[in-house]
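Novice:
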Amino acid sequence: MESEKIDQIIDKHHGEASSLLQILLDIQSENSWLPKEVLVRVSQKLDVPLTRIQHIATFYKAFSLVPKGRHKVHICMGTACHVRGATRILDTVEEATGIKAGETDLDMKFSLETVNCLGCCALGPVMNVDGKVLGKMSPVKTAEALKTYE
Amino acid sequence: MARLNTPEELENFRQALLSQRNPDNPCISICAGAGCVASGADDVIAAFNKEIEKEGLTTTVGTKGTGCPGFCERGPVVVIYPEEICYLQVKAEDVPEIIEQTIKANKVVERLLYEDPVTGEKAVKESDISFYKSQERTVLCNNIKIDSRSIDDYLAIGGYSALAKALSEMTDPEVLEEVKKSNLRGRGGAGFPAGRKWEGSRNAPEPIKYVIVNADEGDPGAFMDRALLEGNPHSILEGLIIGGYAINANEGYFYVRQEYPLAVENINFAIEQAEDYGLLGKNIMGSGFDFKVIVHQGAGAFVCGESTALMTSLEGKVGEPRPKYTRSNIKGLWNRPSVLNNVETWANVPLIINKGADWFTSVGTESSKGTKIFSLVGKITNTGLVEVPMGMTLRDIIYKIGGGIPGGKKFKAVQTGGPSGGCIPEDKLDLEVGFDELTKAGSMMGSGGMIVMDEDTCMVDVARYFIEFLTDESCGKCVPCREGLRQMHRILTNITRGKGKEGDIELLEALSETAVEASLCALGKSAPNPFLSTLRYFRDEYEAHIKAQRCPALYCKELIAYFIDPSKCQACMICARSCPSEAIDGGKKKIHIIDQKKCTNCGTCLEVCPPRFGAIKKLSGEPVPGPLPEEERMITKKS
Numbered sequence: 001m002e003s004e005k006i007d008q009i010i011d012k013h014h015g016e017a018s019s020l021l022q023i024l025l026d027i028q029s030e031n032s033w034l035p036k037e038v039l040v041r042v043s044q045k046l047d048v049p050l051t052r053i054q055h056i057a058t059f060y061k062a063f064s065l066v067p068k069g070r071h072k073v074h075i076c077m078g079t080a081c082h083v084r085g086a087t088r089i090l091d092t093v094e095e096a097t098g099i100k101a102g103e104t105d106l107d108m109k110f111s112l113e114t115v116n117c118l119g120c121c122a123l124g125p126v127m128n129v130d131g132k133v134l135g136k137m138s139p140v141k142t143a144e145a146l147k148t149y150e
Numbered sequence: 151m152a153r154l155n156t157p158e159e160l161e162n163f164r165q166a167l168l169s170q171r172n173p174d175n176p177c178i179s180i181c182a183g184a185g186c187v188a189s190g191a192d193d194v195i196a197a198f199n200k201e202i203e204k205e206g207l208t209t210t211v212g213t214k215g216t217g218c219p220g221f222c223e224r225g226p227v228v229v230i231y232p233e234e235i236c237y238l239q240v241k242a243e244d245v246p247e248i249i250e251q252t253i254k255a256n257k258v259v260e261r262l263l264y265e266d267p268v269t270g271e272k273a274v275k276e277s278d279i280s281f282y283k284s285q286e287r288t289v290l291c292n293n294i295k296i297d298s299r300s301i302d303d304y305l306a307i308g309g310y311s312a313l314a315k316a317l318s319e320m321t322d323p324e325v326l327e328e329v330k331k332s333n334l335r336g337r338g339g340a341g342f343p344a345g346r347k348w349e350g351s352r353n354a355p356e357p358i359k360y361v362i363v364n365a366d367e368g369d370p371g372a373f374m375d376r377a378l379l380e381g382n383p384h385s386i387l388e389g390l391i392i393g394g395y396a397i398n399a400n401e402g403y404f405y406v407r408q409e410y411p412l413a414v415e416n417i418n419f420a421i422e423q424a425e426d427y428g429l430l431g432k433n434i435m436g437s438g439f440d441f442k443v444i445v446h447q448g449a450g451a452f453v454c455g456e457s458t459a460l461m462t463s464l465e466g467k468v469g470e471p472r473p474k475y476t477r478s479n480i481k482g483l484w485n486r487p488s489v490l491n492n493v494e495t496w497a498n499v500p501l502i503i504n505k506g507a508d509w510f511t512s513v514g515t516e517s518s519k520g521t522k523i524f525s526l527v528g529k530i531t532n533t534g535l536v537e538v539p540m541g542m543t544l545r546d547i548i549y550k551i552g553g554g555i556p557g558g559k560k561f562k563a564v565q566t567g568g569p570s571g572g573c574i575p576e577d578k579l580d581l582e583v584g585f586d587e588l589t590k591a592g593s594m595m596g597s598g599g600m601i602v603m604d605e606d607t608c609m610v611d612v613a614r615y616f617i618e619f620l621t622d623e624s625c626g627k628c629v630p631c632r633e634g635l636r637q638m639h640r641i642l643t644n645i646t647r648g649k650g651k652e653g654d655i656e657l658l659e660a661l662s663e664t665a666v667e668a669s670l671c672a673l674g675k676s677a678p679n680p681f682l683s684t685l686r687y688f689r690d691e692y693e694a695h696i697k698a699q700r701c702p703a704l705y706c707k708e709l710i711a712y713f714i715d716p717s718k719c720q721a722c723m724i725c726a727r728s729c730p731s732e733a734i735d736g737g738k739k740k741i742h743i744i745d746q747k748k749c750t751n752c753g754t755c756l757e758v759c760p761p762r763f764g765a766i767k768k769l770s771g772e773p774v775p776g777p778l779p780e781e782e783r784m785i786t787k788k789s
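Same order as they appear, the protein sequences are chains A and B.
Letter 37 of the first sequence, counting from 1, is numbered 37 in our numbering, and no numbers are missing.
Letter 380 of the second sequence, counting from 1, is numbered 530 in our numbering, and no numbers are missing.
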């Protein structure tokens, strides 16, 4: 990520240290992960110790310190989905992709995450691939759906 | 847009808006909430716009993408005004027919109406549907009437009149007094009286004060706040400004969960519009009251829904809770008096100011007034958001509104209060919902998640699930929560895997006691609730897991085995072909057998076996019958 872009994001938040969280969120959504150089740049610009930035980047779930795959698969593990069999959907995806939740495969094809509620409980169990919600999933449907991604 | 400088100008503007709108012109409202969008609402909206243009109806027919009206089970939901005709599960293909029949010929498309599963009667209007009939929708009702991106729509239904009334006709102590009198209790979980919280902040000596909206709705299976944030953001904003006026704060914050991007967008949009109209900013409607609002996004941490953690996070730090030697309404954000209320609480404020505290207290129970929105999810026929008066029984909510349990299954328990709530069994279903009533039954109101479980749900696994969630979300600051929950999770996982030991229950109880007594914040203090409440009502399930390695609900993967009933198997090969581990042996006309050594208990065979055969069974705590001898496996055609 270019330092110009980072500076732009920081300036948007008036360079305030209290906006650190919002700055990191913007970078995360722009770049889909937080490389070390970016964190160093933010630390220098805001005059905030790198340790504090690391603390935040590892505490909150929205941040990733590793690159993400081409397709982001989110399995909803909310209670409504859980009682309707979300674990079996997660098992199926783990089986099909060979990665566990929180990991990215070696081809950088899929990143797998679990989330706590996507707010469409009527469609549970639900998975979300690249922002698209796939509802009323079953292990068979899940395996079929994954095959459609390149 | 010119600023509205006085309450009179606001009123005149409202009248001008209304006179421009012909109430007899049809308006098509399409739910654009998360549930309906996932079911294809965007395509439906696009199809309506295209069809209306094609038919040359753009000047007389309006369309609106609205917030969630609640009936997610049958989304996408379309309501056509002024007749209020309600169509369910509408697809883009249905749109030309709706335009042709309903809009042009004034006829109802029967097949898209709600049909009562018991009586078979069709319901034309939204209010005739059994799901809505027993509800009392005072907060949620406007969601379907307004375009969530239009401040004019909100003004047309009387929006910001409460703010005008508060600023021009009431003094700030009068506003506070009215909220106190209404006995509005916080909708976010603890149920602390909002008026008392406000009063504490107002009376605190520090001159700079804050009001904050807690929109960090992290409870899995709960999306009430999301529906309001996305569907009617101005109602929350209006409540917040009134709150700021009452406690003399000039700055307000929205702390919105990062997982709700549309909510963030809509709130930001609402703030901009309100600023343009002079309903926010300097000297609001000529009253001399200044107020500004800042939106802050969370970053995915459940603990940030806790008041002190949320404020720490607002300060740009790691969201860890602080000890509450002094309450946050005295020393909160930046150590200044801060009133933090939940989304739904704020949305109730304009209603109280407009209609008065007496109106508000006329609904509800002795100690819990007004209505409450619940998200009714899980093993329930009508999934969705329901708003009911406090004091309605759980049985009425689940059966009258929710339509009971689907698939002819038996009800087992309802879980209320989010991860730190508890499970309530069948014999307690006549309990009236209210803050104190639910706490007495070992659960809590929480923010309003209501997850229904049927006989197939294992209660030990439910406890394990919630403890796992909370272990994961524990911030790690205090030991009883960080270490205690981890150990509880280990023991519960062992039990669900058939590795439970004598004494495990007692150990879990001891760990629970420590977490309840010694944790720093409410997350840890209430974390053992899911275990304690399931133990209280379903001890037999724990004992079956530990003593007999049996899961009575046939859920726990390690404790069950799949078995093909030879008397029912029709040797159709469907399961054998679908089995991912190739564990099913069989052939055409040869009864199938599952090789228990290869089987991974994934359940695919059960899912694909045609229901008319129903040959796959789950067994737990009993030996799997041995395979049929080879010579008996061939199916000879019955004459």
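Note that beta-carbon positions come from the ideal geometry of N, C-alpha and C, so glycine has one too.
The structure presented is a predicted model; accordingly, all values stated were derived computationally and were not measured.
Would you verify that the beta carbon of B/Glu587 is, or is not, closer than 7 Å to some beta carbon of chain A?
Specialist: For the purposes of this step, residue 587 of chain B is taken as residue 437 along the second sequence, with counting starting at 1. Answer no: the Cβ-Cβ gap between B/Glu587 and chain A never drops below 7 Å.
Novice: Are the C-beta atoms of B/Glu260 and some chain A residue less than 7 Å apart?
Specialist: What you label residue 260 of chain B is simply residue 110 of the second sequence in a count that begins at 1. Answer no: the Cβ-Cβ gap between B/Glu260 and chain A never drops below 7 Å.
Novice: What does B/Ala613 reach in chain A if we use C-beta pairs closer than 9 Å?
Specialist: Mapped onto the second sequence, residue 613 of chain B falls at position 463. Residues of chain A passing the Cβ test: none, with the nearest at roughly 12 Å.
Novice: For A/Leu134, which three-state DSSP category applies?
Specialist: Here residue 134 of chain A is taken as the residue at index 134 of the first sequence, counted from 1. Strand at A/Leu134.
Novice: Just the C-alpha distance for B/Pro487 and B/Asn398, rounded to the nearest angstrom, thanks.
Specialist: Counted from its first residue, the second sequence places residue 487 of chain B at position 337. Counted from its first residue, the second sequence places residue 398 of chain B at position 248. Looking at the two C-alpha atoms, the distance is approximately 11 Å.
Novice: In chain B, what lies closer than 7 Å to A/Ile56 by C-beta?
Specialist: Counted from its first residue, the first sequence places residue 56 of chain A at position 56. Going along chain B in sequence order, the residues near A/Ile56 (Cβ under 7 Å) are Val468.
Novice: Label B/Thr684 either buried or exposed according to how many other C-beta atoms from any shown protein chain fall within 10 Å of its C-beta, with 16 as the threshold for buried.
Specialist: Along the second sequence, one-based indexing puts residue 684 of chain B at 534. When all chains shown are included, B/Thr684 counts as buried.
Novice: Buried or exposed: where does B/Ile358 fall if 16 or more other Cβ atoms within 10 Å of its Cβ makes it buried?
Specialist: Locating residue 358 of chain B in the second sequence gives position 208, where the first residue counts as 1. Exposed: under 16 other Cβ atoms inside 10 Å.
Novice: Identify the residues that DSSP records as bridge partners of B/Met461: which are they?
Specialist: In the second sequence, counting from the first residue as 1, residue 461 of chain B sits at position 311. Looking at the DSSP assignment, B/Met461 forms no beta bridge with any residue, so it has no partner.
Novice: Given 8 Å as the limit, is there contact between the segment 70 to 81 of chain A and the segment 108 to 116 of chain A, that is, 3 or more CB pairs closer than that?
Specialist: The answer is yes - the segment 108 to 116 of chain A touches the segment 70 to 81 of chain A, with three or more Cβ pairs under 8 Å.
Novice: Buried or exposed for B/Met542, please, with buried defined as at least 16 other CB atoms from any protein chain shown within 10 angstroms of its CB.
Specialist: Taking the second sequence and counting its residues from 1, the one referred to as residue 542 of chain B is at position 392. The residue is buried, with at least 16 neighbouring Cβ atoms inside 10 Å.
Novice: State the Cα-Cα distance for the pair B/Ala354 and B/Ile480, rounded to the nearest angstrom.
Specialist: As a first step, residue 354 of chain B is located in the second sequence; it is residue number 204 there, counting from the start. As a first step, residue 480 of chain B is located in the second sequence; it is residue number 330 there, counting from the start. C-alpha separation (whole angstroms): 6 Å.
Novice: According to DSSP, B/Ala273 sits in a beta bridge with which residue or residues?
Specialist: Within the second sequence, the letter at position 123 stands for residue 273 of chain B. For B/Ala273, which the question treats as bridged, DSSP gives the partners B/Tyr264.
Novice: Mind checking which residues open and close the alpha helix (DSSP H) that includes B/Ile386?
Specialist: Locating residue 386 of chain B in the second sequence gives position 236, counting from the first residue. That run of the alpha helix (DSSP H) goes Pro383 to Ile397.
Novice: Would a C-beta distance cut-off of 7 Å place A/Ile89 and A/Thr142 closer than the cut-off?
Specialist: For the purposes of this step, residue 89 of chain A is identified with residue 89 of the first sequence, where counting begins at 1. For the purposes of this step, residue 142 of chain A is identified with residue 142 of the first sequence, where counting begins at 1. Yes. Within cutoff.
Novice: Using a cut-off of 8 Å between C-beta atoms, extract the partners of B/Gln447 located in chain A.
Specialist: Translated into positions along the second sequence, residue 447 of chain B becomes position 297. Here the neighbours are Leu21, Gln22 and Leu25.
Novice: Less than 7 Å between the beta carbons of B/Lys315 and B/Ile307, yes or no?
Specialist: As a first step, residue 315 of chain B must be located in the second sequence, where it is residue number 165. As a first step, residue 307 of chain B must be located in the second sequence, where it is residue number 157. Not a contact, by the Cβ cut-off of 7 Å.
Novice: Does any CB atom of chain A fall closer than 7 Å to the CB of B/Glu159?
Specialist: As a first step, residue 159 of chain B is located in the second sequence; it is residue number 9 there, counting from the start. Output row for B/Glu159: interface = no.
Novice: Return no unless some Cβ of chain B is closer than 7 Å to the Cβ of A/Gly15.
Specialist: Stepping through the first sequence from its first residue, residue 15 of chain A is reached at position 15. Output row for A/Gly15: interface = no.
Novice: To be precise: take each residue of the segment 272 to 297 of chain B, compare its Cβ to all Cβ atoms of chain A, and keep it if any distance is under 8 Å. Which residues remain?
Specialist: Those would be none; no residue qualifies.
Novice: What number of angstroms, rounded off, separates the C-alpha of B/Val445 from the C-alpha of B/Arg407?
Specialist: Indexing the second sequence from 1 puts residue 445 of chain B at position 295. Indexing the second sequence from 1 puts residue 407 of chain B at position 257. Each residue's alpha carbon lies about 11 Å from the other.
Novice: Check the Cβ of B/Gln408 against every Cβ in chain A and list those closer than 7 Å, keeping chain order.
Specialist: One-based indexing of the second sequence puts residue 408 of chain B at position 258. Ordered by position in chain A, the residues that pass the 7 Å Cβ test against B/Gln408 are Leu25 and Ala62.
Novice: Taking 7 Å as the threshold (beta carbon to beta carbon), is B/Glu691 in contact with chain A?
Specialist: What you label residue 691 of chain B is simply residue 541 of the second sequence in a count that begins at 1. False, the Cβ-Cβ gap to chain A never drops below 7 Å.
Novice: Given that a residue counts as buried once 16 or more other Cβ atoms are within 10 Å of its Cβ, and exposed if not, what is B/His742?
Specialist: As a first step, residue 742 of chain B is located in the second sequence; it is residue number 592 there, counting from the start. Classification of B/His742: buried, given that the 10 Å Cβ count is 16 or more.
Novice: Is the CB of B/Ser770 under 7 Å away from at least one CB in chain A?
Specialist: Taking the first residue of the second sequence as 1, we reach residue 770 of chain B at position 620. So, not an interface residue.
Novice: Looking only at its chain, what residues have a beta carbon closer than 7 Å to the beta carbon of B/Asp302, apart from the 5 residues adjacent to it on each side?
Specialist: Taking the first residue of the second sequence as 1, we reach residue 302 of chain B at position 152. Only Leu167 meet the Cβ criterion.
Novice: When you compare only the Cα positions, how much space is there between A/Ile56 and A/Leu25?
Specialist: Counting from 1 along the first sequence, the entry for residue 56 of chain A is found at position 56. Counting from 1 along the first sequence, the entry for residue 25 of chain A is found at position 25. Roughly 11 Å separates the two Cα atoms.
Novice: Please identify, using Cβ separations under 8 Å, the residues of the segment 107 to 121 of chain A that lie next to chain B, in order along the chain.
Specialist: Cβ contacts with chain B come from Val115, Asn116, Cys117, Leu118, Gly119, Cys120 and Cys121.
Novice: If distances are taken between C-alpha atoms only, which option among A/Ala62, A/Asp7 and A/Thr58 comes closest to A/Val42?
Specialist: On the first sequence, residue 42 of chain A is found 42 positions in, with the first residue counted as 1. If we check each option's Cα against that of A/Val42, A/Asp7 comes out closest.
Novice: State yes or no: is the beta carbon of A/Ala80 nearer than 7 Å to at least one beta carbon in chain B?
Specialist: In the first sequence, counting from the first residue as 1, residue 80 of chain A sits at position 80. At least one chain B Cβ lies under 7 Å of A/Ala80.
Novice: Give a yes or no on contact between the segment 311 to 325 of chain B and the segment 560 to 570 of chain B, applying the rule of three or more CB pairs nearer than 8 Å.
Specialist: These segments do not touch.
Novice: State the Cα-Cα distance for the pair B/Asn162 and B/Gln170, rounded to the nearest angstrom.
Specialist: Counting from one through the second sequence, the residue named residue 162 of chain B turns up at place 12. Counting from one through the second sequence, the residue named residue 170 of chain B turns up at place 20. Each residue's alpha carbon lies about 12 Å from the other.
Novice: Do the segment 528 to 536 of chain B and the segment 577 to 595 of chain B make contact, defined as three or more Cβ pairs closer than 8 Å?
Specialist: Touching, no.
Novice: Let me see if you follow: with CB-CB separation under 7 Å, is A/Ser138 close to chain B or not?
Specialist: By 1-based counting over the first sequence, the position of residue 138 of chain A is 138. Taking Cβ atoms only, chain B reaches closer than 7 Å to A/Ser138, which makes this a yes.
Novice: Note down, in chain order, every chain B residue with its Cβ under 7 Å from the Cβ of A/Asp91.
Specialist: Indexing the first sequence from 1 puts residue 91 of chain A at position 91. Here the neighbours are Cys752.
Novice: Between which two residues does the alpha helix (DSSP H) holding B/Cys186 run?
Specialist: Translated into positions along the second sequence, residue 186 of chain B becomes position 36. Ala184 to Ala188 is the extent of the alpha helix (DSSP H) around B/Cys186.
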